[in-house]
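Student: This is the structure I have questions about; it appears just below.
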Amino acid sequence: MSVYPVDDGEGAPLCTSISADMSITTLFVPLLCGKTVFLLPAGGGLEALEEALHSGRRYGFVKLTPSHLEGLRQLAGGRAPACATGCFIVGGEALHGETLEPWRAHMPGLLIVNEYGPTETTVGCCAHFLRAGDIRPGPVPIGRPIALTRLNVCNASGAPVPVGVVGELRIGGAGVALGYVGQAGLTAERFVRGPDGAPVYRSGDRARYRRDGTLEYLGRADNQIKLRGHRVEPDEVEAALRTHPAVAEAAVMLHRAGPGDDRLRAALLLSPGCDLDQADLTGTFRNHLRDKLPPFMIPSVFRVVEEIPLTANGKADRDRIARMLAAAAPRERRHVTPETALETLLVRCFCDVLKVPEAGATDDFFADLGGHSLLATRLVSQLRELLQIEIPLRRVFEARCARELSRAIVPDDSARQRLEAAAAIVLQVLEMSDTDVRQQLHQQGDGACV
């Protein structure tokens, strides 16, 4: 509270679920200072956050994730949305300078706090402060420990390593939890005693100290994944997949399709003689996992492989599996053909945003094709540029497929006819050349707009 600029504004907006660990900063810091916590509408997502930032209210700070920043940039058409706050506290995922580029260019005085900390240490235990104008490409350091916190980079034996040497980050101090409820074995593994006998949490995160005393986060020592602010254990997803009778073995990997676009991919070794609809592989396994896992833990891509390669010590060889997933051809899926120019353009945009080779008019953007909220914002941004129309983000979540979205975009027949004509022109432009879509549209001027 003594270092965050909470007194500079009216309080802070809560843009995550109250059950999410990163909500602790937004919930308690303003209240302890006599300020207000502004609860955004449930289910409002990025649109609710964007509206809050444009409300004219000056917030002391806004706590969000790198995925939030990327989504806001997409909604603003690649620009930094204007907002009445002097500070972004960013956490939940590794932060890279590229994510903050729009703010560096247009709001150089904005204070950025890169906050690091696992749930087991009351979330925020380390912070790095800098101005947006000072951001450079590459990973942003996680900084220095907060008050009453000790951070040591240690080797496998628990001994501190020298400056510049990579090791496991171990966290001690007032914020360390007592352990995991009902999991004595895991508690004993992760919560150990330091040299002074005080409890220390083994984070499993790789880090190193720089010569200036700041810490750099270098990823995980195990295969745990951080996906859009959520902690994902691939073993848990793999175990859920193995409960399907057609799956003999499974391996789940993180794939970076682009900046801010991380997705889960699953490699599946099928049981001999399994009876499985090969044309709807993704739908089959997504439906199977829907009642077993939260949506963010369900892979967006499923590929059948001939083997799950192992390392010399008998564990899944994730480097080889990643190469196999990249090389494996997707199974053919039965698609419903688009009926109108607008449906055809929407399907084409689905494929471009989701990086899938083909889709149908009734394929669910999320359930069938592996989309998520950040990709939905990219879809909205692309349609804004192609057709000069504003589509509320929530409409994508409500319609979900190209056919329903085409019906929901315009309210009356005359507007629909104009939009269909515009979509037909855009499709003609796209067919003219394989060069960049935006370049082609700029050459055409406003002729494709409604």
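With the numbering used here, letter number 203 in the sequence shown gets 1495, and the count goes up by one each step, no holes.
Ideal Cβ positions, reconstructed from N, Cα and C, are used throughout, including at glycine.
Note the first and the last residue of the continuous alpha helix (DSSP H) segment covering A1691.
Tutor: Unbroken alpha helix (DSSP H) run through A1691: L1685 to A1691.
Student: Between the C-alpha atoms of V1453 and D1497, what's the straight-line distance to the nearest angstrom?
Tutor: Whole-angstrom Cα-Cα distance: 14 Å.
Student: Going by other Cβ atoms of all chains shown within 10 Å of its Cβ, with 16 needed for buried, is H1346 buried or exposed?
Tutor: Burial call: exposed.
Student: Which of the three DSSP states is assigned to D1250 in this structure?
Tutor: Any answer about residue 1250 is impossible in this case: the structure gives the chain only from 1293 up to 1742.
Student: Classify V1484 as helix, strand or coil using the three-state DSSP reduction.
Tutor: V1484 falls in the strand class under three-state DSSP.
Student: Below 8 Å, how does it come out for the segment 1434-1447 and the segment 1389-1400: are there three or more Cβ pairs, yes or no?
Tutor: No contact exists between the segment 1434-1447 and the segment 1389-1400.
Student: Going by DSSP in three states, V1729 sits in which element: helix, strand or coil?
Tutor: In this prediction, V1729 has a pLDDT of 48, which is less than 50 and means its spatial position is unreliable; nothing more can be read from the coordinates.
Student: Going by alpha carbons, who is nearest to H1420 out of L1364, I1404, L1478 and L1332?
Tutor: If we check each option's Cα against that of H1420, I1404 comes out closest.
Student: With a 10 Å radius around its C-beta and 16 neighbouring C-beta atoms as the bar for buried, classify P1684 as buried or exposed.
Tutor: Exposed, by the Cβ-count rule.
Student: Would you kindly check if the distance between the Cβ of F1657 and the Cβ of F1642 is under 8 Å?
Tutor: Cβ atoms of F1642 and F1657: closer than 8 Å.
Student: Need the endpoints of the beta strand (DSSP E) that I1517 sits in, please.
Tutor: I1517 -> beta strand (DSSP E) spans I1517 to L1519.
Student: If you run the structure through DSSP and keep just helix, strand and coil, what is H1536?
Tutor: Three-state result, H1536: coil.
Student: Note down, in chain order, each residue of its chain lying with its Cβ closer than 8 Å to the Cβ of I1600, except the 5 sequence neighbours on either side.
Tutor: Same-chain partners within the cutoff: E1541, A1542, A1543, A1559, L1561, A1608 and I1613.
Student: Just grab the DSSP bridge partners of T1391 for me.
Tutor: Partner(s): none; T1391 has no beta bridge.
Student: For a test of the three-state rule: what should DSSP assign to G1465, helix, strand or coil?
Tutor: G1465 falls in the strand class under three-state DSSP.
Student: Which class does M1748 belong to by DSSP, given the choice of helix, strand or coil?
Tutor: Residue 1748 is absent from the model: the chain starts at 1293 and stops at 1742.
Student: By DSSP, does R1502 sit in helix, in strand, or in coil?
Tutor: In this structure, R1502 counts as coil in the three-state DSSP scheme.
Student: Cutting at 7 Å between CB atoms, please list the residues of its own chain near G1471, excluding the five before and the five after it.
Tutor: Same-chain partners within the cutoff: T1479 and F1483.
Student: Nearest CA to the CA of L1697: which residue from R1610, G1662, R1350 and V1672?
Tutor: Closest by alpha carbon: V1672.
Student: Return helix, strand or coil for R1350, following the three-state DSSP convention.
Tutor: R1350 falls in the coil class under three-state DSSP.
Student: Nearest to T1414 by CA position, among M1314, V1539, R1610 and Q1680, is which residue?
Tutor: Of the candidates M1314, V1539, R1610 and Q1680, the one whose C-alpha sits nearest the C-alpha of T1414 is M1314.
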